[in-house]
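Residue numbers (my numbering): -16 to 311. All C-beta atoms, glycine included, are put in the ideal place defined by N, C-alpha and C. Since the model is a prediction, treat every value here as computed from it, not as a measurement. In what follows, a single structure is set out as structure tokens and then discussed.
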């Protein structure tokens, strides 16, 4: 019934999963996983999830806070003394995009490095001394740079690499065995695509995840993200106190003050028919891939969309609107 009610763009390829009240009510694979090889998009396909990575990075920081190894109000000066205003900039500012850092992925010179395998320290050197765009805590500006610094803080505090910390303390304990900070093995990976103006698909290059690092370098599957969603909200990953902290609205991103950013997730309050609905979400986009994690708390509904096409942002928005209208 639900499947027949959904209109899918001919350009769409990927996987859609919709969960209500802990039951997956819709899950379907569409299109080609690797064009030219005759392969469909298998249910176990591993996608680069881009900025959905940020919710895992934020979770890692909160786990370290639970263990009293750091506090979100700690300033970053001990970690990055060369950063402008490091004594006034806190981990909280990095998490909430209120630090005033430039967004390194918008810098053309830095962007040219994306095809190279680069260490976190070398990546940080490309932007850490650049002037701030505002004083820490005074405004909001989305910055991948802040999440790169958070990845380094995780490494410095824990003594583990970013990928090892996430694997050991988040992914493996939650049985998310296909989620990783590394390129997936070829038999489980799928080709990412871009589209030209003529709608002809072109293959996107596989780049080392090190350039996106803790801001966007993780690969995952729909099944693993469904597990993540279930266990996060059952307090099996973070305590109730830490989860509440993650989902606070710390800064506004619209004039109506109904939308803003928490820690690793966008927070939005929607007007429902009978009540306000808290919408928690993040989109991801990287070369060859687009993604969405979207949860409507009061509707107990979660939508996950993973695609191997980096030109599907509008299609993903339209799909979300269709699905939530049908089940909301």
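Open item on the list: By the DSSP assignment, the beta strand (DSSP E) with residue 251 in it spans what residues?
Closed with: 249 to 254
Open item on the list: For residue 173 and residue 111, what's the separation of their Cα atoms in angstroms?
Closed with: Straight-line Cα distance between these residues: approximately 34 angstroms.
- [ ] Pick out whichever of 290, 117, 248, 34 has its Cα sitting closest to the Cα of residue 231.
- [x] 248
Task: Entirely enclosed beta strand (DSSP E) segments - the stretch 228 to 307, minimum 3 residues - done: 242 to 244, 249 to 254, 259 to 269, 272 to 279, 284 to 290
Task: Through-space distance from residue 308 to residue 102, alpha-carbon basis - done: 44 angstroms
Open item on the list: Residues in the same chain with beta-carbon distance under 8 angstroms from residue 6, minus the five sequence neighbours each way, listed in chain order, please.
Closed with: none
Open item on the list: Do residue 63 and residue 295 count as a contact pair if the criterion is CB distance below 8 angstroms?
Closed with: no
Task: Cα-Cα separation, residue 95 to residue 194 - done: 10 angstroms
Open item on the list: Buried or exposed for residue 50, going by 16 or more other Cβ atoms inside 10 Å?
Closed with: In summary, residue 50 is exposed, with fewer than 16 beta-carbon neighbours lying within 10 Å of its beta-carbon over all protein chains present.
Open item on the list: Tell me the residue span of the beta strand (DSSP E) that contains residue 13.
Closed with: 6 to 13
- [ ] Please name the residue in 45, 106, 128 whose C-alpha comes closest to that of residue 115.
- [x] When each option's Cα is compared against that of residue 115, the closest is 128.
- [ ] Check the Cβ-Cβ distances between residue 226 and every residue of chain C, and say whether any is below 8 angstroms.
- [x] Note that chain C does not occur in the displayed structure, where there is just one protein chain.
Task: residue 21 classed as buried or exposed, judged by whether at least 16 other C-beta atoms fall within 10 angstroms - done: Per-residue confidence for residue 21 stands at a pLDDT of 46, beneath the threshold of 50, marking its modelled position as unreliable; no derived number is given.
Open item on the list: Could you tell me the alpha carbon to alpha carbon distance between residue 218 and residue 183, rounded to whole angstroms?
Closed with: 45 angstroms
- [ ] May I have the straight-line CA-CA distance separating residue 140 from residue 52, to the nearest angstrom?
- [x] In this structure, the straight-line span from the alpha carbon of residue 140 to that of residue 52 is close to 7 angstroms.
- [ ] Could you check what DSSP says for residue -3 in three-state terms: helix, strand or coil?
- [x] strand
- [ ] Give every residue of the same chain whose Cβ lies closer than 6 angstroms to the Cβ of residue 1, excluding the five residues on either side of it in the sequence, and list them in chain order.
- [x] Correct list, in chain order: 8, 9, 286, 306.
Open item on the list: Just list the residues that DSSP pairs residue 3 with in beta bridges.
Closed with: 6, 284
- [ ] Closer than 6 angstroms by C-beta to residue 262: which residues in its own chain qualify, once you throw out the five before and the five after it? Chain order, please.
- [x] Counting only residues of its own chain and dropping the five nearest sequence neighbours on each side, residue 262 has a CB closer than 6 angstroms to the CB of 251, 253, 279.
TODO: Give every residue of the same chain whose Cβ lies closer than 6 angstroms to the Cβ of residue 198, excluding the five residues on either side of it in the sequence, and list them in chain order.
DONE: 127, 130, 131
Task: Helix, strand or coil at residue 139 [DSSP, three-state] - done: helix
- [ ] Starting from residue 73, follow its DSSP beta bridges and name the residues at the other end.
- [x] 58
Open item on the list: Taking the straight line between their C-alpha atoms, what separation do you get for residue 143 and residue 137?
Closed with: 8 angstroms
Task: Cβ neighbour criterion (16 or more within 10 Å) applied to residue 98 - done: exposed
Open item on the list: What does the Cβ neighbour count give for residue 291, buried or exposed, with the cut at 16 atoms within 10 Å?
Closed with: buried
Task: Where residue 165 falls, given that 16 or more other Cβ within 10 Å makes a residue buried - done: exposed
- [ ] Taking residue 45 as the reference, give the member of 149, 259, 177 with the closest Cα.
- [x] 149
TODO: Buried or exposed for residue 227, please, with buried defined as at least 16 other CB atoms from any protein chain shown within 10 angstroms of its CB.
DONE: exposed
Open item on the list: Measuring only the C-alpha atoms, how far is residue 118 from residue 14?
Closed with: Taking the straight line joining both Cα atoms gives about 46 angstroms.
- [ ] Using a threshold of 8 angstroms, state whether the C-beta atoms of residue -1 and residue 288 are closer than that.
- [x] yes
Task: Proximity to residue 237 [Cα-Cα], best of 124, 273, 274, 246 - done: 124
Open item on the list: In this structure, how does DSSP classify residue 44 when only helix, strand and coil are distinguished?
Closed with: helix
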